[in-house]
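Residue numbers (the numbering used here), protein chains in the order written: chain A, 1 to 119; chain B, 1 to 116.
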C-alpha cells in the first residue's frame, strides 16, 4: 500500500519490559512525526525527524523514550522499562515537505497507530 | 505556546442535516495553520481540511467547510449533508509557522454520531 504503516498494531508488555514500535512512512516523505494518544484524548507530539535528523524531541516524556530514523525512511520508537502510564496509542505521521504544514503540499498523513498496553 | 479547545465532547446529528463542530485556539504566532482531522474507530487520522491564518477565504473541501473567524480565534468545521459514515471523532489542530513548530497541537476532540 501507499500509506503510512505501523507495526505491531497491538502490543502488550509487562511493566519493566522494553518495546520497539516501527513506522514505515510514505516513500520519499522527508518529514516524520511521532505522537502519543491517550484514551479519549487528542494526540500529543513526541518527536520530529527531517530525513535522518531528529530536529525536535521536546515532546518525549522521559529519557526512557528514544526514537531513530537512521536511513531517513523507517523509524523506530523505543520505550525502555515500560510503565503503566506509557499505555496509549502511538501514531506515526509523514509529510512530503520539510515544514510539515498542510496547504503547502505538506499534509501530515497518519498511520493506523500501535496500541500499547502495559500491565 | 499553542492551545486548541474543543468544548463539545459529543454531538448528534440526523442524517442529511448539517452540523457545526466548534474549535477555538490560542497562539502567539502571527502566522499559523489550522487543520481538522477525522478519526474513525479504526484509529487512523484522516486529514479533512486546512486553513492558513492569512487566507482570506474560508476553506472548503467537498462537504467540509471551515468557518474561520480570526478575531474570535475560532475555526469551526461545518459538515453539510451528514452521512452515516461521518460518525467518528473529529480533532481540530494547529501548527505555528513563526516558531517553526512543525508538529501539530490537537484539541481533545468531538465525537460525532450521525443518526439515520
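For every residue, glycine included, the Cβ atom is placed at its ideal position computed from N, Cα and C.
Since the structure is predicted, the reported quantities are computational estimates derived from the model, not experimental observations.
Asked, Found
"Does the structure place the stretch 10–26 of chain B close enough to the stretch 26–38 of chain A that three or more beta carbon pairs sit under 8 Å?", "no"
"Considering only their Cβ atoms, is the gap separating residue 64(B) from residue 21(B) smaller than 8 Å?", "no"
"So the candidates are 38(B), 27(B) and 114(B); which of them puts its Cα closest to the Cα of residue 83(B)?", "114(B)"
"Would you be able to state if there are at least three C-beta pairs under 8 Å between the stretch 105–119 of chain A and the stretch 52–72 of chain B?", "no"
"In chain A, what lies closer than 9 Å to residue 68(B) by C-beta?", "In chain order: nothing, as chain A lies at least about 12 Å away."
"Rounding to the nearest angstrom, what Cα-Cα distance links residue 7(A) and residue 94(B) in this structure?", "27 Å"
"What residues match up with residue 111(B) in a beta bridge as DSSP calls it?", "10(B) and 89(B)"
"Where do the ends of the beta strand (DSSP E) carrying residue 36(A) lie?", "31–37"
"Strictly under 8 Å for the Cβ-Cβ distance: is residue 12(B) near chain A by that measure?", "no"
"Per the contact definition of three or more C-beta pairs closer than 8 Å, is the stretch 29–39 of chain B in contact with the stretch 66–78 of chain A?", "no"
"Applying a beta-carbon distance threshold of less than 7 Å, which residues of chain B neighbour residue 120(A)?", "There is simply no residue 120(A) to check, as chain A begins at 1 and stops at 119 in what is shown."
"Suppose contacts are defined by Cβ-Cβ distances below 8 Å. Is residue 61(B) in contact with residue 79(B) by that definition?", "no"
"Please tell me whether residue 68(A) has its Cβ less than 8 Å away from any Cβ of chain B.", "no"
"Taking residue 4(A) as part of the beta strand (DSSP E), name the residues at either end of that continuous run.", "From DSSP, residue 4(A) is part of no beta strand (DSSP E); its letter is neither H nor E."
"Determine the contact status of residue 26(A) and residue 2(A), defining contact as a CB-CB distance below 8 Å.", "yes"
"For the stretch 31–45 of chain B, which residues have a CB atom closer than 7 Å to at least one CB atom of chain A, in sequence order?", "33, 35, 42, 43, 44 and 45"
"Report yes if the CB atom of residue 117(A) is closer than 8 Å to the CB atom of residue 16(A), and no otherwise.", "no"
"Helix, strand or coil: how does DSSP classify residue 85(A) here?", "helix"
"Bridge partners for residue 39(B) per DSSP, in chain order?", "89(B)"
"Would you kindly check if the distance between the Cβ of residue 4(A) and the Cβ of residue 96(A) is under 8 Å?", "no"
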